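Residue numbering for the sequence shown is -22 to -1, 1 to 1028, as defined by mature numbering (1 follows the signal peptide of the UniProt record, and there is no 0).
Notes to accompany the following structure.
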Amino acid sequence: MARRAVALALTAALVAAVPAHAAPDRTGHGGPGRASPTDRKTVTLVTGDRVVLDGDRLLSITPGAHRPNVPFQVTRHGGRLHVVPADVAATLAAGRVDRRLFDVTGLVEAGYDDAHRDTVPVIVSGGRPPSGARVADALPTVDAVAAEVPKATGWRDLPEGTGKVWLDGMARPLLDRSTTQVGAPVAWAAGLTGAGVTVAVVDTGVEGDHPDLAGREVAGRDFTDEQDGIDHYGHGTHVAATIAGHREPYRGVAPDARLLDAKVCDRRGFCPESTIIEGMRWAAEQGADVVNVSLGLIASDDVDPVEAAVDALSASHGTLFVVSAGNDGDQAGTVLSPGTADSALTVGAVNRDESLADFSSRGPRPADGAVKPDLTAPGVDIVAAKPSTQVLGTPVGEHHMALSGTSMAAPHVAGAAALLAQRHPDWNGARLKAGLTASARPNPALGVHEQGSGRLDIAAALAATVTSEPTSVVLGRHEWPHDDDVPTAKPLLYRNDGAQPVTLDLAVQGRGPDGAEHRVFSVSPTRVTVPAGGTAEVSVTGDARQGSVDGAYSGSVVATEVGGAVVLRTPVGLHREVKSHPVTFSYPGAPEGRQLTVLVNVATGAQTYVRNGTARLPEGDYAVQTLLGPELGPHTVVFRPDLRVEAATHVVLDARAAGPLEVVVPDPAATPILHSLVVERRLGEHTASVAVYHPGGFPPGTRVGHAGPSLPAGELDVFVAAQSASPSAAYWLGWAVRGRVPDGFVRRPRESDLAKVRTTIALKSSGGPRDLAGHVVTPSGRAGPMFYTDVTSTPVSTRYTTPDIGWRALFFDERFLMSGDEERYGAGLTYDRSFGAPVIGPVMYSGEYPNLTRAGNEIAVSLSLFGDREGNEGYSRTTSARTALYRDGELVGENDSTGHGVFQVPPGPALFRARTEVTRAPEVSDFSTHIAVDWTFRSDTTPREQRLPMSVVRFTPVLDHAGSTPAYQPLTVPLVVDRQRGVDNPPLRHFRVEVSYDDGRSWTSLPVFGRAALVGNRAEPGTFVSLRVQADDGRYRKLNQTVIRAYRLR
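Encoded structure:
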């Protein structure tokens, strides 16, 4: 099982790295899909600090003006990178600053990187903006202002009296038989079509003159900077037509409803929170009965401004806000904001067979265990209007397209609310929500936190006379231990809109976090009579003491009419806190200044900042790091990598045992670039990594120490890395220590103690930035700190590195990435390496990752198609790609992925052929413009995942660095066979090689001598030479491989 990795780094003003004949021991740690052409982004934080990243790899941090020595906490978990300046950590821990302001991955996703914005948009609630911010708009709905902080200066301070500072984040749209599935035809037959009801669509805009929507839009307003009212993205038009489309065969749920169009998302599908708030306010003020918000953003533990706006407008205008739950999959607690708002009618998605869509977000609401979503509706392959500007979905004819998502489920409910509002024109939003949830049809296979009260049932909603208020009962979070918990009771009101009294028998059905039935919930009385036109109240109680396991409990109060059927179900939820304890900290010997301590849960990656020397933590294992000393100047770092919390605990982080931390390179002219110390704690399949980073070398006076006992070498690895640069060479140095963080670490290596590595970049420059990068390989095999050297202006780079430690080098630019094997070098030796030397073509992964496998009846193929002469794996931007699998000559499946595919096959033995091919345009590269691999093999059903034999051929002629050789001079082309490792893989024996001088239109056979072919190169200078090889093992395994434009004649 792959290790789950959590990375935490404490960096002190990390700045950008500057340019900087023996055979090594090579051990592979390659793998599919982990490398791709660089997508480097620069993001300036609200504090003015500039971060450079490539995916989730941190390349540099440059402090803002007047902040030269501010340290940074850097965390990486789940592919997301957070960079938090140390002087903000206290306000972040106190809840005065939104953590998303420092989620650099999220800032890039929102289009807030420096290539797209020169300000950071914020929302400030309940106070004045921070110094340096410019107010853009008032948001009276939530007592807040939208403001912009110039990146050139950042905010200057966050004085007392400043309200909470939120990122003005970007929500995103949450991507024919469905009306029948929810019972809309029953309403239409009764004359209910939404006539006289106004529904607002707060989205990407609505194409009002679409044939399905003509005449339905009564007003619109564009809240984006585009100010054109056009739905460039297509999402809003699809949503609007699901609500009110009036043409067959794709009729909307409420085809005669009036539409309001509040465009809050731009052509990229980016929707700032402040514009969503203003769009919702406008819709409510325009008299909308129902507002559809098929948008979402990650929910906060606090009530964020968009949630607050939903609740405020619901209360002030009686509007019903129907909100999509989100598409964040099958994990608990993933419902997005504003679907987490109390008053929102939050909608998950189901398939046509009533099963939950795999993408539909689940509850509960993490802050208090509240039940969300409230109900579900169809959301998979929904066909509705396609605007003329379509960029989404699968086209269905000229005017329609199919989309999937909770975005598609929500408008079904919004349309249903319009039908119910037509039936009950005196009902406000809360009554409409109660009517729809009370009548929903539950799926017995699903829990409350997956489906709320069930799937939308319009026919039942129109027929129902009894509803409940609230629509779900929240019985709170109960702190551990639970033997002294006090039962919590909440009222539940039944309302009867019928002409006859109704007597209800009440019972509670519920399940715990383990799926078992429980007695946590009860209702009293268990029988109640609700008078005609009146109400009756009961009490629902949650007693956490009755639970046997900790976590989220859910259930339903089931009301059954005496002598009849179930009338309605009211969801109920309670959260029983897992075992947690108070932990206190002390810091003997600490220098004067701050005490900045952060803990990382080794198993989950959850991070906790210590505030005022205390924290409350769930039981578990933690890695602890504290930074002691002044904000500017030398400091002491103490690590406690093995803190186990099992009871109330006091932790001593003793700075007195810490020793100096210093690395000095041999060349006195070299400039220190980046020095770091990484501590990696492993526990079973989990890994937590904590680190300290410094630009310009470890400052004089920096000290490091260990708190707690030593650990076995297999459970704790420490790595010290240092990068420096001189005009002629770079220094990439690293040392490993096992079992304990050193109490001081000083190294001053001589040049003879190091290995010299010269690397040539053979790929043609694109004119953009080019980097030679590398990282240490920690003793556990994971990637350590990242080094990089700018090679934009030089094709050859020299570096000195420490021996007897794993290193892995990479080359990347905006078109291409190449990744080498892990290497270990010897002291005093010189190594020559290259990236991109032709011929570029297929290579096999060299390490633990497989190229061809079968697991039961699933065959997976994964191949690097752009490897180089040395066998480095390569990944390139491409024009087109295809990967396919054939079984006994019949196509099983195909996709447009470059070298990757997973295919379901019939059981039993068969002869298979995997084919993958790719084309790239000449502007990407003059060479290897088309590559194709066909591999034929036999396979039978396997009891578990097994590797299958597979081979490719590398053409390895000696060419110049331009990839050329003299015309009319014979050239020997060695054939190097790469075979998948970890499986009995008989060698290929028979080779037939062909050459083409016209890009593959005609081929000529070549003489083959053993494992080499002789090419005559009989063509004019400037001609490209293409190569094709066919090989087999004498049985049934066959290879057919083609490289168009393998090299050029000069």
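Quick reminder that beta carbons are idealized off the backbone N, C-alpha and C, glycines included.
Small disclaimer: the values here were computed from a predicted structure and weren't measured.
Taking residue 66 as reference, the option from 725, 76 and 58 with the minimal CA-CA separation is 76. Here the stretch 785 to 804 makes contact with the stretch 721 to 741; the two share three or more CB pairs at distances below 8 Å. Its chain contains 929, 931, 965 and 966 as the residues whose beta carbon lies nearer than 7 Å to that of residue 955, once the 5 sequence neighbours on both sides are disregarded; these appear in chain order. For residue 257, the enclosing alpha helix (DSSP H) stretches over residues 251 to 263.
Here the alpha carbon of residue 357 sits roughly 11 Å from the alpha carbon of residue 220. If you check the CB distance, residue 616 and residue 633 come in under 7 Å. Beta-bridge partners assigned by DSSP to residue 607: 572. With the rule of 3 Cβ pairs closer than 8 Å, the stretch 378 to 395 does not count as touching the stretch 516 to 535. In this structure, the CA atom of residue 827 is about 18 Å from the CA atom of residue 892. In chain order, 586, 600 and 602 place their CB closer than 6 Å to the CB of residue 577, counting only its own chain and leaving out the 5 sequence neighbours on each side. Under DSSP, the beta-bridge partners assigned to residue 785 are 754 and 801. Looking at the DSSP output, residue 1027 sits in a beta bridge with 943.
Within the same chain, 831 and 833 come within 6 Å of residue 923 by CB-CB distance, once the 5 residues on both sides are set aside. If the five residues before and after residue 696 are omitted, its C-beta is found closer than 6 Å to the C-beta atoms of 657, 715 and 719, all from its own chain and listed in chain order. Cβ-Cβ distances below 7 Å link residue 886 to 918 and 919 in the same chain, with the five nearest sequence neighbours on each side left out; the list follows chain order. When DSSP states are grouped into helix, strand and coil, residue 710 belongs to the strand group. When C-alpha distances from residue 926 are compared across 547, 639, 836 and 206, the shortest belongs to 836. When secondary structure is reduced to three states using DSSP, residue 295 falls in the helix class.
For residue 181 against residue 213, the beta-carbon gap comes to about 6 Å, under 8 Å, which counts as contact. In this structure, the straight-line span from the alpha carbon of residue 641 to that of residue 117 is close to 53 Å. Nearest Cα to residue 388 within the set 278, 274 and 487: 274. The three-state reading of DSSP puts residue 436 in helix, counting H, G and I together. Scanning the stretch 273 to 336 from its first residue to its last, the whole alpha helix (DSSP H) runs of 4-plus residues come out as 283 to 295. Fully enclosed beta strand (DSSP E) runs of no fewer than 3 residues are not present anywhere in the stretch 401 to 446.
The alpha carbon of residue 513 has as its nearest neighbour, out of 18, 447 and 858, the alpha carbon of 447. At least 7 Å separates the beta-carbon of residue 222 from that of residue 246.
Straight-line spacing of the CA atoms in residue 473 and residue 444 works out to 6 Å. For residue 80 and residue 63, the gap between their C-alpha atoms comes out near 9 Å. Contact check for residue 504 against residue 484 passes: the beta carbons are separated by less than 7 Å. The beta-carbon separation of residue 238 and residue 178, rounded to 4 Å, stays under the 8 Å limit for a contact. With contacts defined by Cβ atoms closer than 7 Å, residue 176 and residue 267 form a contacting pair.
Nearest neighbour of residue 799 by Cα position, chosen from 1027, 821 and 778, turns out to be 821. Within a 10 Å sphere around the beta-carbon of residue 968 sit fewer than 16 other beta-carbons, which makes this residue exposed. For residue 385, the secondary structure class from DSSP, reduced to helix, strand or coil, is helix.
If you compare the alpha carbons of 284, 663, 243 and 158 with that of residue 230, the shortest gap goes to 158. Using a Cβ-Cβ distance cut-off of 8 Å, the stretch 453 to 464 and the stretch 371 to 385 are not in contact, since fewer than three pairs of beta carbons, one from each stretch, lie closer than that value.
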